[in-house]
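Engineer: Sending over a structure as structure tokens; questions will come in a sec.
Protein chains: 2
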Amino acid sequence: MNISKRMLQIGESPIRKFNKYALEAQKKGKKIYRLNIGQPDVETPQCFMDAIKHFQSKVIAYSESGGEVDLQEAIASYFKGYGMDYAKDDIMVTTGGSEALSMVFTSVLDPGDNVVVAEPFYTNYNTFITAACGTVSPITTKAEDGYAYADRELIEKAINDRTRAIVCTNPGNPTGRVLTPEDIRLICEVARDNDLWVIADEVYREFVFDGNDITSFGMFPEFADRVIIVDSISKRFSACGARVGCLVSKNADIMECAMKIAQGRLSCATLDQVGAAAMYRMDPSYYDGMKAEYESRRDAVYHELSQIPGIVCSRPGGSFYIMAKLPVDNVEDFLMFLLTEFDDNGETVMFSPAEGFYATPGLGRDEIRIAYVLNSDDMRRGAELIRLGLEKYNSR
Amino acid sequence: MNISKRMLQIGESPIRKFNKYALEAQKKGKKIYRLNIGQPDVETPQCFMDAIKHFQSKVIAYSESGGEVDLQEAIASYFKGYGMDYAKDDIMVTTGGSEALSMVFTSVLDPGDNVVVAEPFYTNYNTFITAACGTVSPITTKAEDGYAYADRELIEKAINDRTRAIVCTNPGNPTGRVLTPEDIRLICEVARDNDLWVIADEVYREFVFDGNDITSFGMFPEFADRVIIVDSISKRFSACGARVGCLVSKNADIMECAMKIAQGRLSCATLDQVGAAAMYRMDPSYYDGMKAEYESRRDAVYHELSQIPGIVCSRPGGSFYIMAKLPVDNVEDFLMFLLTEFDDNGETVMFSPAEGFYATPGLGRDEIRIAYVLNSDDMRRGAELIRLGLEKYNSR
């Protein structure tokens, strides 16, 4: 029986492979600082469960395919708080940002088309783009440049006649890079000049540090017709398991196409939308507390990482990830060492090897991504364990 | 900017068009018996909300990509109740049966491939198959034959060298047709002889009436390697808005491919899975009560429809739909008449025009689908309104 050729191209997730060894290490009593996943330890706001507990209907019925109206309105009002004017029908609620990405790529890609993305990029883009019969045309960026990519020549080098969109994750995952208003304007101009969509994945919108302002691709009315925003409550409200996201655009064609897919899959989960609406209506001061917490985590892990001889690592301006180039040839081999051979007082550490974040074969083998989803003390200890592990690994 | 050609092929949902007129009629004070949608009025079992209310974790975290282990085990144990032996890893939890369908078509179809489906079929298959770059190769069935299709010659006529799977909805939506064990064996044999997958959409598994036994495609061990079951809690537990379904197969290749997609989208909603597990653990006598209720609804609506002169309609053996051929040229025109011109004591009725359930152009224009999701009195009244409407419509 046939398995589709495009899906066969996707290799097994490295996370899965290393998870097996991590579980074995845990069985042997090792404590592992898991800096590899984007699952924060921050509590989900209580109003999420409260709203769900107060849900009254006797039948858990389908919601509207485009989303519960109350949630759409709450999201519209949230955007208004940043000066962005999106109507209810510009906002389609999705099952996490993941479904929004899947809908967008299915809507804009014909078989053989590609999208331009700066590498390293969020590795699951590969899955969504491949499933939609497209490919990635990467803009290669470097650790030494802080993974900058808002450069016309660099971007246009990646564009060809089958390119349909530029995808930007801002703030960046895995790089933590935050685009300036000038960066965003330039990217949109390049998109306009090449008749491309701009797919702006802004699930880390509030995670911008050092007193910098939040800039969204939705803040540029002159490009509104080509901008598609992908959003999610997962990180903003530490509610990854609620699976509530949205797709936002003022372009009626893309919204109509996404609506066909949305109607095909009927609706998103009703209760989770009820909970999400309550969180979107919280006082915006909630974000200040959250941001301060992540900023101090970033400072903790960055400070500790900087102590490692030979590391290449810039202080990220946003999201909750930090990329680092390590003084080893192969970080997967080093991670295996950490999980199977190393410990310091019974403790070790886990990170994401970065090769999967690159489309260009061979890149990223000496880079890692760390998610600062644990408290500052744990982050410091995690970075210390990387340093101690490297010492042992390189002196074998 | 590009909108994908395959998505442009999908027309606007007719439901959307008629909904507008239905809302206008309601504004004018008309009561509408909505027999057009698969949203039952039956209460969701209380244990769903109870389990969610008792969920203790402070963080609503991602669940495992394949599903919460507790839910996978509850589903395995449910299948065991029917004598089917599925292990935890043969069961992947999905966001409704919808996501399971989407995963399966993405996994088995390359651009230009097709799947064989008996028409009329669940119209959203079109969306999933088209999004996966495939097409439908229909087996045309007829109202006069009760929509039978388990016939080797009939099925093989639809198979060509780009066919990858036979899709069976059993019990049938929209036909209500229930396959016998002999039917299922024949379909699997045809699939085996042509090296095809069998995709068995069994979301109405318990909705089998007249004292007949439930037969699942999962009950034939000799075909287990090519059978993929799509399932959902939506209908079984009247929990459409929970969006919990699953994909079940003993074929490791399809499960591995589906897992790539599952890991890409991270996880299903955590709370809904907690509630679903509780429902799967209810005493199986729950199904008896539900089945009796739907059987009496079927009898009520079928009896009333039979009174309509010129109707072609068989008593369906399962699911909660009934197809009927009406003595009109165009049921969409008739539906528009019912919503905009007709009423009986301020009441009218809405059904699904069947053209969208056919892949062959021009078929189904004189057929409708009725969902018996309301209580027996309302179903009788709904059918009566169709009869009264037809009298007025045909005597204009």
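If you're matching them up, the sequences are chains A and B in order. Reminder that position 22 of the first sequence reads as 22 in our numbering, one-by-one numbering, no gaps. Quick note, our numbering runs 1000 ahead of the 1-based positions in the second sequence. A virtual CB, placed ideally from N, CA and C, is assigned to each residue, including glycine.
1. Can you pull the chain B residues whose beta carbon is under 7 angstroms from the beta carbon of ALA399 (chain A), in chain order?
2. Taking the CB atoms as reference points, tell me whether LYS250 (chain A) and ASP50 (chain A) lie closer together than 8 angstroms.
3. Roughly how many angstroms separate the alpha carbons of ALA1262 (chain B) and MET1255 (chain B), rounded to a whole number?
4. Please give me, in chain order, every unbroken run of the beta strand (DSSP E) with length at least 3 that falls completely inside the region 1221-1297 of chain B.
5. Identify the contact partners of ASP269 (chain A) in chain B, using a Cβ-Cβ distance below 7 angstroms as the criterion.
6. Got a sec? Which residues, its chain only, sit under 7 angstroms from GLU1384 (chain B) by beta carbon, not counting five neighbours each side?
7. Taking C-beta to C-beta, are VAL1312 (chain B) and GLU1144 (chain B) nearer than 8 angstroms?
8. Nearest chain A C-beta to GLY1264 (chain B) closer than 8 angstroms, yes or no?
9. Under a Cβ-count criterion, where at least 16 other Cβ atoms within 10 Å of its own Cβ denotes burial, should GLN1026 (chain B) be classed as buried or exposed?
10. Rounding to the nearest angstrom, what Cα-Cα distance links GLY211 (chain A) and ILE1052 (chain B) in this structure?
11. Which residues in chain B have a C-beta closer than 9 angstroms to the C-beta of VAL59 (chain A)? List them in chain order.
12. Could you tell me which uninterrupted beta strand (DSSP E) segments, each at least 3 residues in length, are contained entirely in the region 186-217 of chain A, listed from first to last along the chain?
13. Which class does LYS1325 (chain B) belong to by DSSP, given the choice of helix, strand or coil?
14. Measuring CA to CA, which of B:THR1130, B:TYR1287, B:SER1102, B:LYS1030 is closest to ILE1010 (chain B)?
15. Taking all protein chains shown into account, decide if ASP1110 (chain B) is buried (16 or more other Cβ within 10 angstroms of its Cβ) or exposed.
16. What does the Cβ neighbour count give for PRO1174 (chain B), buried or exposed, with the cut at 16 atoms within 10 Å?
17. Apart from the five residues on each side of it in sequence, which residues of its chain come closer than 8 angstroms, Cβ to Cβ, to TYR302 (chain A)?
18. Looking only at its own chain, which residues have a Cβ that is under 6 angstroms from the Cβ of GLU68 (chain A), when we skip the five neighbours before and after it?
19. List the DSSP bridge partners of ARG1369 (chain B).
20. Closest by CA to TYR294 (chain A), which one among A:PHE320, A:ARG281, A:ALA269?
21. Can you pull the chain B residues whose beta carbon is under 9 angstroms from the beta carbon of PHE48 (chain A), in chain order?
22. Keeping to the same chain, check which residues put their C-beta closer than 6 angstroms to that of GLY1389 (chain B); ignore five residues upstream and five downstream.
23. Give me the Cα-Cα distance between PRO1353 (chain B) and LEU1179 (chain B), rounded to the nearest whole angstrom.
24. If I'm right that ALA1150 (chain B) touches LEU1101 (chain B) with Cβ under 8 angstroms, what's the distance once you round it to whole angstroms?
25. Can a CB atom of chain C be found closer than 8 angstroms to the CB of GLU156 (chain A)?
26. Looking at PHE342 (chain A) and the ligand SAH, is the gap between the Cβ and the nearest heavy atom below 7 angstroms?
27. Could you compute how far the alpha carbon of SER4 (chain A) sits from the alpha carbon of ASP1161 (chain B)?
28. At the level of alpha carbons, what is the spacing between GLY1176 (chain B) and THR1169 (chain B)?
29. For VAL1059 (chain B), which of A:VAL227, A:CYS47, A:THR348, A:LYS20 has the nearest alpha-carbon?
30. Could you tell me which of B:VAL1042, B:LYS1017, B:HIS1054, B:TYR1082 sits nearest to MET1219 (chain B), measuring between CA atoms?
31. On the premise that VAL1198 (chain B) lies in contact with VAL1230 (chain B), defined as a C-beta separation below 8 angstroms, what is that separation, rounded to the nearest angstrom?
32. Does DSSP put CYS1168 (chain B) in a helix, a strand or coil?
33. Does DSSP classify ASN1114 (chain B) as helix, strand or coil?
34. Beta-carbon separation of PHE1217 (chain B) and ILE1184 (chain B) under 8 angstroms?
35. Taking all protein chains shown into account, do 16 or more other C-beta atoms lie within 10 angstroms of the C-beta of GLN1039 (chain B), making it buried, or fewer, making it exposed?
Structural biologist: Let's see:
1. As shown, chain A starts at 1 and ends at 396. That puts residue 399 (chain A) outside it, with no answer to give.
2. One-based indexing of the first sequence puts residue 250 (chain A) at position 250. One-based indexing of the first sequence puts residue 50 (chain A) at position 50. No Cβ-Cβ contact shorter than 8 angstroms links LYS250 (chain A) with ASP50 (chain A).
3. Stepping through the second sequence from its first residue, residue 1262 (chain B) is reached at position 262. Stepping through the second sequence from its first residue, residue 1255 (chain B) is reached at position 255. Near 10 angstroms, if we compare the C-alpha coordinates of MET1255 (chain B) and ALA1262 (chain B).
4. 1227-1232, 1245-1249
5. Stepping through the first sequence from its first residue, residue 269 (chain A) is reached at position 269. Going by the sequence as given, residue 269 (chain A) is Ala instead of Asp. Correct list: GLY1241, ALA1242, ARG1243, ALA1269, ASP1272.
6. As a first step, residue 1384 (chain B) is located in the second sequence; it is residue number 384 there, counting from the start. Taken in chain order, the residues that qualify are GLU1304.
7. Translated into the one-based positions of the second sequence, residue 1312 (chain B) becomes position 312. Translated into the one-based positions of the second sequence, residue 1144 (chain B) becomes position 144. Against a cut-off of 8 angstroms, the Cβ pair of GLU1144 (chain B) and VAL1312 (chain B) comes out as a contact.
8. What you label residue 1264 (chain B) is simply residue 264 of the second sequence in a count that begins at 1. GLY1264 (chain B) counts as touching chain A.
9. As a first step, residue 1026 (chain B) is located in the second sequence; it is residue number 26 there, counting from the start. So GLN1026 (chain B) ends up on the exposed side.
10. One-based indexing of the first sequence puts residue 211 (chain A) at position 211. One-based indexing of the second sequence puts residue 1052 (chain B) at position 52. C-alpha separation (whole angstroms): 39 angstroms.
11. As a first step, residue 59 (chain A) must be located in the first sequence, where it is residue number 59. Under the 9 angstroms cutoff, chain B gives GLN1039, PRO1040, ASP1041, VAL1042, GLU1043, THR1044, SER1238, ALA1239, CYS1240, GLY1241.
12. Here the runs fully enclosed are 197-201.
13. Residue numbering aside, residue 1325 (chain B) sits at position 325 when the second sequence is read from its first letter. Strand at LYS1325 (chain B).
14. By 1-based counting over the second sequence, the position of residue 1010 (chain B) is 10. When the alpha-carbon of ILE1010 (chain B) is set against those of B:THR1130, B:TYR1287, B:SER1102, B:LYS1030, the nearest one is in B:THR1130.
15. On the second sequence, residue 1110 (chain B) is found 110 positions in, with the first residue counted as 1. Of the residues assessed, ASP1110 (chain B) falls on the buried side of the cut-off, its CB having 16 or more other CB atoms within 10 angstroms.
16. In the second sequence, residue 1174 (chain B) corresponds to position 174, counting from 1. Burial call: buried.
17. Position 302 of the first sequence, counting from 1, holds the residue named residue 302 (chain A). Sequence-distant Cβ neighbours of TYR302 (chain A) in its own chain, meaning closer than 8 angstroms and more than five residues away, are CYS313, ARG315, PRO316, ILE322.
18. Within the first sequence, residue 68 (chain A) is the residue found at index 68, counting from 1. Closer than 6 angstroms at the Cβ level, and outside the excluded window around GLU68 (chain A), lie GLN273.
19. Here residue 1369 (chain B) is taken as the residue at index 369 of the second sequence, counted from 1. DSSP, once it has assigned bridges, lists B:MET1323, B:SER1352 as partnering ARG1369 (chain B).
20. Position 294 of the first sequence, counted from the start, is the residue given in the question as residue 294 (chain A). Among A:PHE320, A:ARG281, A:ALA269, the Cα nearest to that of TYR294 (chain A) belongs to A:PHE320.
21. Within the first sequence, residue 48 (chain A) is the residue found at index 48, counting from 1. Below the 9 angstroms Cβ cutoff, chain B contributes ILE1060 as neighbours of PHE48 (chain A), in chain order.
22. Walking along the second sequence from the start, residue 1389 (chain B) turns up at place 389. Cβ neighbours of GLY1389 (chain B) beyond the five flanking positions: LEU1338, PHE1342.
23. Here residue 1353 (chain B) corresponds to residue number 353 of the second sequence, with the count starting at 1. Here residue 1179 (chain B) corresponds to residue number 179 of the second sequence, with the count starting at 1. Answer to the nearest angstrom: the Cα atoms are 24 angstroms apart.
24. Here residue 1150 (chain B) refers to the residue found at position 150 of the second sequence. Here residue 1101 (chain B) refers to the residue found at position 101 of the second sequence. About 21 angstroms; that fails the 8 angstroms criterion.
25. Looking for chain C here will not work: the only protein chains present are A and B.
26. This structure simply doesn't include the ligand SAH, nor any ligand for that matter.
27. In the first sequence, residue 4 (chain A) corresponds to position 4, counting from 1. In the second sequence, residue 1161 (chain B) corresponds to position 161, counting from 1. Taking the straight line from one Cα to the other gives about 15 angstroms.
28. Residue 1176 (chain B) sits at position 176 when you count from the first residue of the second sequence. Residue 1169 (chain B) sits at position 169 when you count from the first residue of the second sequence. So the two alpha carbons sit approximately 9 angstroms from each other.
29. Sequence index remark: in the second sequence, residue 1059 (chain B) carries index 59 (1-based). Looking only at A:VAL227, A:CYS47, A:THR348, A:LYS20, the smallest Cα-Cα distance to VAL1059 (chain B) is reached by A:CYS47.
30. As a first step, residue 1219 (chain B) must be located in the second sequence, where it is residue number 219. Selected option, being the one with the closest Cα: B:TYR1082.
31. On the second sequence, residue 1230 (chain B) is found 230 positions in, with the first residue counted as 1. On the second sequence, residue 1198 (chain B) is found 198 positions in, with the first residue counted as 1. Their Cβ separation, rounded to whole angstroms, is 11 angstroms, which puts VAL1230 (chain B) and VAL1198 (chain B) out of contact at 8 angstroms.
32. Taking the first residue of the second sequence as 1, we reach residue 1168 (chain B) at position 168. Reduced to three states, the DSSP call for CYS1168 (chain B) is strand.
33. In the second sequence, counting from the first residue as 1, residue 1114 (chain B) sits at position 114. Strand.
34. As a working mapping, residue 1217 (chain B) is identified with position 217 in the second sequence. As a working mapping, residue 1184 (chain B) is identified with position 184 in the second sequence. Yes. Within cutoff.
35. Here residue 1039 (chain B) is taken as the residue at index 39 of the second sequence, counted from 1. Burial call: buried.
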